[in-house]
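Asker: Got a structure for you, questions after.
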């Protein structure tokens with residue numbers, strides 16, 4: 124699937140510098156912004172935070188609402204003030220473009236109103252989280268997005 128470049132023509136010097144910084148930071152994580160922008164069920168993809176050791180991108184997911192993709196150095200992703208219940212855990216196997224296998228899992232928080240899909244790869248931890256919709260099949264769409272992000276993180 125061809126992706127358009129993150130580098131879009133801009134006229135203001137600030138925007139050029141900001142786009143360059145975003146590109147450098149997202150390349151390390153497989154360019155998740157590009158992947159999210161090309162998934163038909165996502166919209167309003169916006170990088171919220173970038174840094175040497177992390178990245179945060181917000182996006183709208185059809186039938187779910189606002190979701191966040193986060194990446195940071197380490198092997199475990201933790202959301203402050205949230206406890207995710209292991210008995211709600213669903214695990215599956217995903218493959219990168221290089222054929223490496225990753226094992227993401229989805230869990231729901233204690234209140235049942237938030238979900239998180241997380242996985243680890245190459246010394247980084249990744250997560251997609253958001254408000255848990257009434258229909259769990261809608262939440263499963265976030266799992267499909269995780270599979271796309273995992274696939275493009277290799278290679």
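In my numbering, the protein residues as written are 124 to 278.
Built from N, CA and C at the ideal position, the CB exists for glycine as well.
#1: Report the residue from 160, 270, 171, 157 whose alpha carbon sits nearest the alpha carbon of residue 226.
#2: Three or more C-beta pairs closer than 8 Å, one from the region 174–183 and one from the region 229–246: is that the case here?
#3: If contacts are defined as beta-carbon pairs under 8 Å, then residue 261 and residue 206 qualify, I think. What distance do you get, rounded to the angstrom?
#4: With a Cβ-Cβ cutoff of 7 Å, do residue 164 and residue 185 count as a contact?
#5: Where does residue 201 fall in DSSP's three states?
#6: Using 8 Å as the threshold, is the region 191–198 in touch with the region 242–249, meaning 3 or more CB pairs across them?
#7: Helix or strand or just coil, what does DSSP make of residue 268?
#8: According to DSSP, simplified to helix, strand and coil, what is residue 233?
#9: For residue 160, which residues of its own chain have a beta-carbon under 6 Å away from its beta-carbon, when the five flanking residues on both sides are left out?
#10: Report the residue from 220, 229, 258, 216 whose alpha carbon sits nearest the alpha carbon of residue 200.
Answerer: Considering the structure as presented:
#1: If you number the chain shown from 1, residue 226 lands on position 103. Checking every option, the nearest Cα to that of residue 226 belongs to 270.
#2: With a cut-off of 8 Å, the region 229–246 and the region 174–183 do not count as touching, because too few Cβ pairs lie within range.
#3: Residue mapping note: residue 261 aligns to position 138 of the chain shown, counting from 1. Residue mapping note: residue 206 aligns to position 83 of the chain shown, counting from 1. Rounded, the Cβ-Cβ distance is 23 Å, inconsistent with contact.
#4: As a working note, residue 164 is residue 41 in the chain shown. As a working note, residue 185 is residue 62 in the chain shown. Judged by beta-carbon spacing, residue 185 lies within the 7 Å limit of residue 164, meaning their Cβ atoms are closer than that value.
#5: Here residue 201 refers to the residue found at position 78 when the chain shown is read from its first residue. Assigned with DSSP and collapsed to three states, residue 201 falls in coil, not helix or strand.
#6: The region 191–198 is in contact with the region 242–249.
#7: Along the chain shown, read from residue 1 onward, the residue named residue 268 stands at position 145. Three-state DSSP puts residue 268 in a helix.
#8: Position 110 of the chain shown, counted from the first residue, corresponds to residue 233. Secondary structure of residue 233 (DSSP, three-state): coil.
#9: Along the chain shown, one-based indexing puts residue 160 at 37. Hits under 6 Å: 168.
#10: For this step, residue 200 is matched to residue 77 along the chain shown. Looking only at 220, 229, 258, 216, the smallest Cα-Cα distance to residue 200 is reached by 229.
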